[in-house]
Amino acid sequence: MSTRTIFDNNLKELKDLLLKMAEKSEHAIKEAMIALINQDMEKAKQVIDADNEIDDLEYEINDKALLLIARQSPVATDLRKINVALKVSSEVERFADIAVNIAKSALHIGNEKHFKEVIDIPKMMEMALEMVSDSINAYYSEDITIAKKCAEKDDEVDKMFGRLIQELLGYIPQNPHATNQIIQLAFVCRYIERIADHSTNIAEHVIYLVTGNRVNLNA
Amino acid sequence: MAISTLTRQVFDIKDLNLWYGEHHALKNINFPINKKEVTAIIGPSGCGKSTFIKTLNLMINMVPNVKMTGEININGQNILDKKVDLVDLRKLVGMVFQKGNPFPQSIFDNVAYGPRVHGITKKKHLDEIVIKSLMDVALWEEVKDRLHAPALGLSGGQQQRLCIARALATKPEVLLMDEPTSALDPISTLKIEEMILELKEKYTIVIVTHNMQQASRVSDKTAFFLMGELIELDSTSTIFSNPSDERTEGYITGRFG
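Top to bottom, those sequences are chains A and B. With this note's numbering, letter number 75 in the first sequence gets 75, and the count goes up by one each step, no holes. With this note's numbering, letter number 194 in the second sequence gets 194, and the count goes up by one each step, no holes.
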């Protein structure tokens, strides 16, 4: 006879809730990016408005996790699962905040015509989004191979970030009228780089969850 | 028994095997027990934990048909090896059981019993021992005005603390506790746990418990027994955060046992 059915079900609910939160955050990032590229102010505002929902999900996850600790006295892997759910939910909440930041940059640029076609930023975003989905998959399936693979991509994103920032700043002297726009785009690059960092953090939490050892994948 | 107090270990159990008739109840146990630490022993019913703790003061010899091989070294001396004076051994290694079992005597006489057996008769000396022992178990304030009242009139939790005081009165080095709080209410349980943490300043404590939270609250080391084997012995923090054996993990997380 199984002895921890209720607890195991509660843990599963916690994980499913986190998955839902991650899907919403991932969606928010994608929408924010579309708003930026297509200069769609309406969409940018929608992303900003939808952030409350994600915040509420984080509170719900926190409350559930604390109740589980209080009522079920978890130890060992069980306790790590709850600890990691709390950590991962904070990282995912940061994804959603970054989506809001990108949407705000889209609003700052407004309808001012892009000084050149935006090509590399979406490419960098694609890489970061792959990391997001890898990190969440790794968490959901408790798979350290996926976690490590995710973290390996962080270097590429970092390199791309360095290169794009140099390029963008280089455009300012010839396009002084577009300074505001260029600075906003540089911010967006920085936000994308942060998405990759938070994904790497999730990958580290997954490794801790499975092995009980802390690793730094970001070194 | 010559007692060296230089080493860090009180007990060093080596390759201990125990049979009840044909039943192999303890299998190749190797178990060092450090001085002034609390060691908790956990495991499902019938895993050998009570059997193990009873070998440490040879109370196991009261069970018929018991056979043991290996070594139980206490302060360097193997108690399985030679004629050990059981009275001396049990003075050194005191024991407390599941339910308080005071003698049907006064509170004072219960605590003075051991010292009297060991030849202490002077009232002043006995008074000192009784007061000190009752203070050690935080019972003094509760009973100081009725030392000559019957011990059986105390509450369950007080009776258990009295029995611990009785064990301490002979100045043991080690205190064995076999599920000392399983018959007590939560507050009495917590009082005993607080007391254990104070007692370990002076004594080495080995406690068998079914209550995993109790093991995690009071002990420095935790040992997990299963079917007569010592599966894992490690610091309590490690056992309850990241045990190395999956059977330990299964047991402490409540998934089997």
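Note that the Cβ used here is the ideal one computed from N, Cα and C, for glycine as well. All values derive from a computational prediction rather than experimental measurement.
Euclidean distance between Cα positions of residue i and residue j
i: Asn78(B); j: Glu13(A); result: 55 Å
i: Met1(B); j: Ser45(B); result: For Met1(B), the predicted structure reports a pLDDT of 42, less than 50, and the residue's modelled location is therefore unreliable. A value from the coordinates is still provided. In a straight line, the C-alpha of Met1(B) is about 34 Å away from that of Ser45(B).
i: Ile144(B); j: Gln159(B); result: One point to set straight first is that residue 144(B) is Lys, not Ile, in the sequence displayed. If you take the alpha carbons of Lys144(B) and Gln159(B), they lie about 14 Å apart.
i: Asn73(B); j: Leu16(B); result: 11 Å
i: Ile98(A); j: Leu68(A); result: 30 Å
i: Lys191(B); j: Ala167(B); result: 17 Å
i: Asp197(A); j: Ile82(A); result: 22 Å
i: Ile42(B); j: Thr3(A); result: 18 Å
i: Met68(B); j: Thr181(B); result: 29 Å
i: Lys64(A); j: Glu204(A); result: 23 Å
i: Ile3(B); j: Asn213(A); result: At Ile3(B) the pLDDT is 46, less than 50, meaning the model places this residue with poor confidence and gives no usable figure here.
i: Asp8(A); j: Ala183(B); result: 30 Å
i: His24(B); j: Met59(B); result: 18 Å
i: Asn242(B); j: Leu209(A); result: 10 Å
i: Gln39(A); j: Leu185(A); result: 13 Å
i: Val75(A); j: Glu249(B); result: 9 Å
i: Asn52(A); j: Pro122(A); result: 26 Å
i: Ser199(A); j: Asp234(B); result: 34 Å
i: Val10(B); j: Ile144(A); result: 43 Å
i: Asp81(B); j: Phe240(B); result: 36 Å
i: Ile37(A); j: Glu126(A); result: 13 Å
i: Lys36(B); j: Ile196(B); result: 11 Å
i: Ala40(B); j: Ser237(B); result: 12 Å
i: Arg190(A); j: Gln181(A); result: 14 Å
i: Lys30(A); j: Ala103(A); result: 10 Å
i: His148(B); j: Leu139(B); result: 14 Å
i: His118(B); j: Thr77(A); result: 50 Å
i: Gly228(B); j: Ala70(A); result: 33 Å
i: Glu260(B); j: Asp12(B); result: The requested residue 260(B) does not occur in the structure, where chain B is confined to residues 1 to 257.
Within chain A, partners of residue i - CB distance below 9 Å
i: Gln105(B); result: What Gln105(B) touches in chain A: nothing, since even the nearest Cβ is about 40 Å away.
Backbone secondary structure at residue i - three-state DSSP
i: Ser106(B); result: strand
i: Ile231(B); result: strand
i: Arg214(A); result: coil
i: Gly170(A); result: helix
i: Thr222(B); result: strand
i: Ala215(B); result: helix
i: Ala183(B); result: coil
i: Ala2(B); result: Confidence in Ala2(B) is poor, its pLDDT being 45 and thus under 50, which makes the residue's placement unreliable; the coordinate value appears in the next sentence. Here Ala2(B) sits in coil by DSSP.
i: Gln98(B); result: coil
i: Ile119(A); result: coil
i: Pro32(B); result: strand
i: Val84(B); result: coil
i: Leu139(B); result: coil
i: Leu86(A); result: helix
i: Val117(B); result: helix
i: Leu176(B); result: strand
i: Val75(A); result: coil
i: Ile79(B); result: coil
i: Gln39(A); result: coil
i: Pro176(A); result: helix
i: Ile254(B); result: Contrary to the premise, residue 254(B) reads as Gly rather than Ile in this sequence. In this structure, Gly254(B) counts as coil in the three-state DSSP scheme.
i: Leu168(B); result: helix
i: Lys200(B); result: coil
i: His205(A); result: helix
Contacts of residue i in chain B (Cβ-Cβ under 9 Å)
i: Arg4(A); result: Thr253, Gly254 and Arg255
Counterpart residues of residue i in DSSP-defined beta bridges
i: Leu18(B); result: Leu26(B) and Met68(B)
i: Gln158(B); result: Partner(s): none; Gln158(B) has no beta bridge.
i: Pro150(B); result: Ser106(B)
i: Phe11(B); result: Ile33(B) and Ile74(B)
i: Ala40(B); result: Ile207(B) and Thr222(B)
i: Val93(B); result: Val174(B)
Listed by chain order, chain B residues near residue i by CB distance under 8 Å
i: Val75(A); result: Met212, Ser216, Phe240, Ser241, Ile252 and Thr253
i: Asp56(A); result: What Asp56(A) touches in chain B: nothing, since even the nearest Cβ is about 31 Å away.
Residue i beta carbon near the ligand FAD (any heavy atom closer than 6 Å)
i: Glu130(A); result: Inclusion of the ligand FAD in the displayed structure is not the case, the ligand content being empty and no account of it being possible.
Practice prompt. Return the residues of the segment 223–256 of chain B that lie within a Cβ-Cβ distance of less than 9 Å from chain A, sorted by chain order.
Written response: Listed in sequence order: Ile239, Phe240, Ser241, Asn242, Pro243, Thr248, Glu249, Ile252, Thr253, Gly254, Arg255 and Phe256.
Practice prompt. Using a Cβ-Cβ cut-off of less than 9 Å, list which residues of the segment 203–215 of chain B approach chain A; keep chain order.
Written response: Within the segment 203–215 of chain B, the residues whose Cβ lies closer than 9 Å to some Cβ of chain A are Met212 and Gln213, listed in chain order.
Worksheet item: Taking Cβ-Cβ distances below 9 Å as the criterion, which residues of the segment 77–99 of chain A are in contact with chain B?
Response: Cβ contacts with chain B come from Thr77, Asp78, Leu79 and Arg80.
Discussion item. Closer than 9 Å between beta carbons: that is the criterion. Which residues of the segment 199–212 of chain A meet it against chain B?
Written reply: Flagged, chain order: Thr211 and Gly212.
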